[in-house]
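The block underneath contains the structure these notes are about, expressed in structure tokens.
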Amino acid sequence: MKRTRKLATVLAVGVTALALSTQTASATLNIPSTTVQNNASGNCVIARSTSSAGIGDSCGWAGTYFRIISAAPDAGGHAYVQIQTTQDDQTGPGYCLYAVGQGTGPSGASAGSSDVELIPCSYNDPRAIWAVARAGATTNGYTPETFFAFDGRVCLDGGFGTLYAYREEGCNPGNAWQAWSVYTG
Numbered sequence: 079m080k081r082t083r084k085l086a087t088v089l090a091v092g093v094t095a096l097a098l099s100t101q102t103a104s105a106t107l108n109i110p111s112t113t114v115q116n117n118a119s120g121n122c123v124i125a126r127s128t129s130s131a132g133i134g135d136s137c138g139w140a141g142t143y144f145r146i147i148s149a150a151p152d153a154g155g156h157a158y159v160q161i162q163t164t165q166d167d168q169t170g171p172g173y174c175l176y177a178v179g180q181g182t183g184p185s186g187a188s189a190g191s192s193d194v195e196l197i198p199c200s201y202n203d204p205r206a207i208w209a210v211a212r213a214g215a216t217t218n219g220y221t222p223e224t225f226f227a228f229d230g231r232v233c234l235d236g237g238f239g240t241l242y243a244y245r246e247e248g249c250n251p252g253n254a255w256q257a258w259s260v261y262t263g
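If you're matching positions, the sequence shown starts at 79 in my numbering and goes up one per residue.
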């Protein structure tokens with residue numbers, strides 16, 4: 079009898095864990111409209127078109143506002159988010175930042191670095207999901223954050239005068255090129 083009860087308990091816990099791991103976005107983070115400004119250069123992420131992203135010094139203009147929203151259940155103390163454009167679709171996901179793939183980054187960047195562009199948002203696409211972590215204290219409503227993509231193991235970076243994803247095992251919150259100020263209110 080004890081063995082049957084233990085087995086039933088183990089099965090119930092396993093089924094619950096499986097159900098939790100297959101959930102869609104936990105919706106714990108939803109910043110509907112913000113600029114994403116690099117802490118080293120002061121430049122903002124911009125959507126140049128529906129497929130091209132970059133950085134520029136014209137923060138606050140069309141193409142520089144993004145929605146940051148949970149895209150997968152939180153894990154390890156981090157929110158898993160998509161960084162979505164807002165200019166194409168004010169009410170739902172438009173296009174998302176994603177790391178293109180290793181070896182596509184700018185000249186001079188580490189070997190595994192990646193270009194960052196835009197693709198149509200899909201919660202099932204791991205290339206467009208970033209782990210966000212606080213990189214400092216909130217000041218005047220702006221919170222410095224880092225964004226790490228497990229798909230490619232890259233960190234959103236604003237160095238080399240461009241937007242790219244630097245290859246490393248986790249972001250360095252002390253590296254201002256990898257810290258991005260997000261207006262959180």
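Even for Gly, the Cβ is constructed at its ideal location relative to N, Cα and C.
Measuring only the C-alpha atoms, how far is residue i from residue j?
| i | j | result |
| --- | --- | --- |
| S200 | G154 | 22 Å |
| T142 | P198 | 17 Å |
| R83 | S192 | Its pLDDT being 41, under 50, R83 is placed unreliably by the model, and the measurement read from it follows with that caveat. Looking at the two C-alpha atoms, the distance is approximately 51 Å. |
DSSP puts residue i in a beta bridge; with which residues?
| i | result |
| --- | --- |
| L76 | Residue 76 lies beyond the stretch modelled for the chain, which goes from 79 to 263, so this question has no answer here. |
| Q162 | R145 and C174 |
| L196 | L175 |
| G132 | I124 |
| A153 | H156 |
| Y261 | Y220 |
| I207 | DSSP output for I207 lists no bridge partner at all. |
According to the Cβ coordinates, are residue i and residue j closer than 8 Å?
| i | j | result |
| --- | --- | --- |
| A257 | G183 | no |
| T221 | T262 | yes |
| T128 | L175 | no |
| Y173 | A125 | yes |
| P251 | G190 | no |
Does the beta carbon of residue i fall short of 7 Å from some heavy atom of the ligand NAP?
| i | result |
| --- | --- |
| S127 | Summarising the ligand content, the structure contains no ligands, and the ligand NAP is consequently not present. |
Which whole-angstrom value is the C-beta distance of residue i and residue j, which I expect to be below 8 Å?
| i | j | result |
| --- | --- | --- |
| G118 | A227 | It is worth fixing the name first, because residue 118 is Ala in this sequence and not Gly. Actually they are not in contact, since the Cβ atoms of A118 and A227 sit about 20 Å apart, beyond 8 Å. |
| T113 | I146 | Between I146 and T113 the Cβ distance is about 11 Å, and since that is not below 8 Å, they are no contact. |
At least 3 beta-carbon pairs within less than 8 Å: the segment 145-154 vs the segment 204-224: Touching, per the Cβ criterion.
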